[in-house]
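Report on the following structure.
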Amino acid sequence: MARSAVLFVNRLSRAMRRGEGTVAGGRVGLRIDPQLLRHLSAGRLLVAVSGTNGKTTTAALLRAAIGGEVGGNVTGANMPAGHVAALASASTTRFVLEVDEAWLPHVISSSAPRVVCLLNLSRDQLDRASEVRQLAQRWRMMATEAPTTAFVANASDPLIVDALTTATNVTWISVPSSWHADSLSCPRCTAPLDFGERWQCSCGLVEPVASWRIDPEGAISTNGRDIALSLSLPGLFNRVNAAFALAACQLLGIAVDEAAARLSQIEAVQGRYGLRRFGARQVRLLLAKNPAGVAALLDEAGTPSSEVWVAINAQVADGKDPSWLYDAPFERLAGRDVTCLGERRLDLATRLEVDGIASRVVDDVAYLDNAGPLVTIIANYTAFQSWMRETTTW
Amino acid sequence: MVTIALLYPELLGTYGDGGNARVLARRAIARGIATTIISVGTDNPLPDADIYLLGGGEDGPQRFACEALRRSDFTDRVAAGATVLAVCAGLQILGTSFCVEGNDAYAGLGVVDAVTERGPQRAVGDLRVSVAGRALIGFENHGGRTTLGSTAPLGVVEFGVGNDGVVDGFRHHNVFATYAHGPVLAINPWFADELLITALGVTLAPLHTMADELYAERCRAIVPR
């Protein structure tokens, strides 16, 4: 009854063009049966993916890596209403769910996933989500309540390592990361951490020994064995996402080398990374919603001579506070030809000016040059969505 | 010459607070004033500086930062006339007591007569404060409700919550405090200049930047209730 209500409302929602029809039905279903997530998960093989950055991409890579028919909340509706809608609308037994960080404890206790990937934790939308340390605290309780859950987790992220103190089944991945701004002080005792070869604290919290490793050049190895991976998606951060997917496959008993071959074919995820068309112009559309995301993307934002357009909104889905612009290393755009777009373009232009970077502020996309050479567009959440509408596949 | 000390950025920097130091530096340099920014870690003694910046932070780091300041000569420097901008957690630390991690009260530095208790709900959203007739625009995100004793507030809340829904922050000697977190000096160029003028005792030539357009746009977007 609750499941058919989900399907009915989602069809209705799509017919009325009130969105992608993945949340409204889930909400109704959960109203009728609060245990719906538990019921729909029973008898299925679930993998959950959570963390601040890389959820959607890692979940997509993991679905490809597993191979065959694998379900998921592919539109990125990553709270229980979206999970319920995805599970109700497909009969496949294998599912990869991306899960909002704050909802992860609830989803684990309801759906008992076989494997849980914990990618990273950093500041994101602080106006509405819990502050990052409070979130880590809730993950800590979650790990205590589900001691046998199999985690694939980021050994380089002190917040995650501390959260998993009581977990007994953890596959650690060592990740090259330049982003420590959210864990400079120890999550256990608040003393400043020592970031050497391995990070450590005087209180005894220390980077665990990892069985998977990604080196700064992107080479992936497990227990000393190199994994060949020619990934189509750009960027070191996507090789990290791929390593999480492969480690999860290993836990599921799937041959890692074959999984690597399957996920290397993914070229774009929900429009991200792929080349798109804006008038006669080729654009590469990148999503970055928080400082760590921007830090990862700026390394991949085209050649130094190419144009960069940055579009920033501050709607509810983006987080209504654009203060994070000052935590993101936009100073790396120095010397580039930068255009500021989006509802908060003046906030962005002011942010760039603080680091001495002159930029162009354009009030309407109609004024943009839609011929010209390849341009990289970096946009946060709702700005990215409007750029998906402004562009078509190349 | 102006020296700006950014205090404990590893603890108090949740909301882009480091931006405030860079804004002060740029506005000073544009007036031909040489500038030094010093990032101060908790293991270091406080340097001699014209302006000290205390940013926002989460509960645990806030308490750690307070203890580091207590060990330092910070209160002596304030009494000697140091110019300070304290934002959010920084504001709470300067009072007589504050609550973090539930309802346990911790002793603050007691620089000002202000008590921060846990509010009924977090104050999250745009903040507009009238400071001597000028609008201060920002974003607040805090769980504290601050009650001032004999200390004067920074200004009157026109939109948002601030200390208690009525007034925001405080002004004591050369200490300015507000709940408008993050890059408050980037959004409010007049406020940045006021800090420089207070610290240096000079007058400053007008400076037109992109921030003027942002400030005008934010003033239009966030109107008094």
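Chains as they are written, first to last, in the numbering used here: chain A, 18 to 411; chain B, 57 to 281.
Note that the Cβ used here is the ideal one computed from N, Cα and C, for glycine as well.
Assigned exposure category for residue i - 16 Cβ within 10 Å defines buried
i              : result
residue 220(A) : exposed
residue 57(B)  : exposed
residue 276(B) : exposed
residue 100(A) : buried
residue 66(A)  : buried
residue 264(B) : exposed
residue 206(B) : exposed
residue 411(A) : exposed
residue 234(B) : buried
residue 391(A) : exposed
residue 242(A) : exposed
residue 218(B) : buried
residue 159(A) : buried
residue 78(B)  : buried
residue 145(B) : buried
residue 260(A) : buried
residue 240(A) : exposed
residue 249(A) : exposed
residue 396(A) : buried
residue 224(A) : buried
From the options, residue whose alpha carbon lies closest to that of residue i
i              : options                           : result
residue 1(A)   : 148(A), 133(A) and 222(A)         : An answer regarding residue 1(A) cannot be provided, because it is not within the stretch 18 to 411 covered by chain A.
residue 116(A) : 107(A), 105(A), 138(A) and 93(A)  : 93(A)
residue 135(B) : 97(B), 95(B) and 166(B)           : 166(B)
residue 270(B) : 385(A), 404(A), 370(A) and 350(A) : 370(A)
residue 109(A) : 62(A), 348(A) and 292(A)          : 62(A)
residue 41(A)  : 56(A), 20(A) and 52(A)            : 20(A)
residue 201(A) : 250(A), 175(A) and 226(A)         : 175(A)
residue 142(B) : 177(B), 226(B), 255(B) and 272(B) : 226(B)
residue 187(A) : 309(A), 136(A) and 248(A)         : 136(A)
residue 354(A) : 69(A), 89(A) and 321(A)           : 321(A)
residue 182(A) : 193(A), 163(A) and 194(A)         : 163(A)
residue 377(A) : 389(A), 327(A) and 342(A)         : 327(A)
residue 101(B) : 127(B), 88(B) and 81(B)           : 127(B)
residue 169(B) : 231(B), 186(B) and 188(B)         : 231(B)
residue 53(A)  : 126(A), 189(A) and 388(A)         : 126(A)
Rounded C-alpha distance that separates residue i from residue j
i              : j              : result
residue 146(A) : residue 279(B) : Low local confidence applies: a pLDDT of 48 at residue 146(A) is under 50, so the model's placement there is unreliable, and no value is given.
residue 125(B) : residue 228(B) : 18 Å
residue 62(B)  : residue 282(A) : 47 Å
residue 380(A) : residue 251(A) : 30 Å
residue 24(A)  : residue 398(A) : 27 Å
residue 245(A) : residue 201(B) : 56 Å
residue 171(B) : residue 194(B) : 22 Å
residue 84(A)  : residue 78(A)  : 10 Å
residue 113(A) : residue 132(A) : 10 Å
residue 283(B) : residue 199(B) : A question about residue 283(B) goes unanswered here, because the residues of chain B that appear run from 57 up to 281.
residue 122(A) : residue 140(B) : 41 Å
residue 104(B) : residue 149(A) : 33 Å
residue 236(A) : residue 191(A) : 12 Å
residue 325(A) : residue 47(A)  : 43 Å
residue 275(A) : residue 162(B) : 57 Å
residue 290(A) : residue 114(B) : 34 Å
residue 213(B) : residue 179(B) : 13 Å
residue 204(A) : residue 179(A) : 7 Å
residue 217(A) : residue 249(B) : 41 Å
residue 409(A) : residue 383(A) : 16 Å
residue 69(A)  : residue 75(A)  : 12 Å
residue 393(A) : residue 374(A) : 17 Å
residue 356(A) : residue 294(A) : 18 Å
One or two residues paired with residue i in a DSSP bridge
i              : result
residue 58(B)  : 91(B)
residue 354(A) : 324(A)
residue 243(A) : 238(A)
residue 203(B) : 171(B)
residue 140(B) : 108(B) and 231(B)
residue 238(B) : In DSSP, residue 238(B) forms no bridge with anything.
residue 377(A) : 356(A)
residue 134(A) : 66(A) and 169(A)
residue 155(B) : 161(B)
residue 114(B) : DSSP output for residue 114(B) lists no bridge partner at all.
residue 111(A) : 62(A)
* Looking at C-beta atoms only, is the number of pairs between the region 229-248 of chain B and the region 71-88 of chain B that lie closer than 8 Å three or more? -> Yes: the two stretches touch, three or more of their Cβ pairs being nearer than 8 Å.
* To do: Could you tell me whether the region 264-274 of chain A touches the region 164-181 of chain A, where touching means 3 or more Cβ pairs closer than 8 Å?
  => With a cut-off of 8 Å, the region 164-181 of chain A and the region 264-274 of chain A count as touching, because enough Cβ pairs lie within range.
* Touching by the beta-carbon criterion (3+ pairs, under 8 Å), the region 333-353 of chain A and the region 90-103 of chain B -> Judged by Cβ distances under 8 Å, the region 333-353 of chain A makes no contact with the region 90-103 of chain B, as fewer than three pairs qualify.
* **Touch test, the region 152-163 of chain B against the region 114-123 of chain B, Cβ-Cβ under 8 Å, three pairs minimum** => Under the three-pair Cβ rule at 8 Å, the region 152-163 of chain B counts as touching the region 114-123 of chain B.
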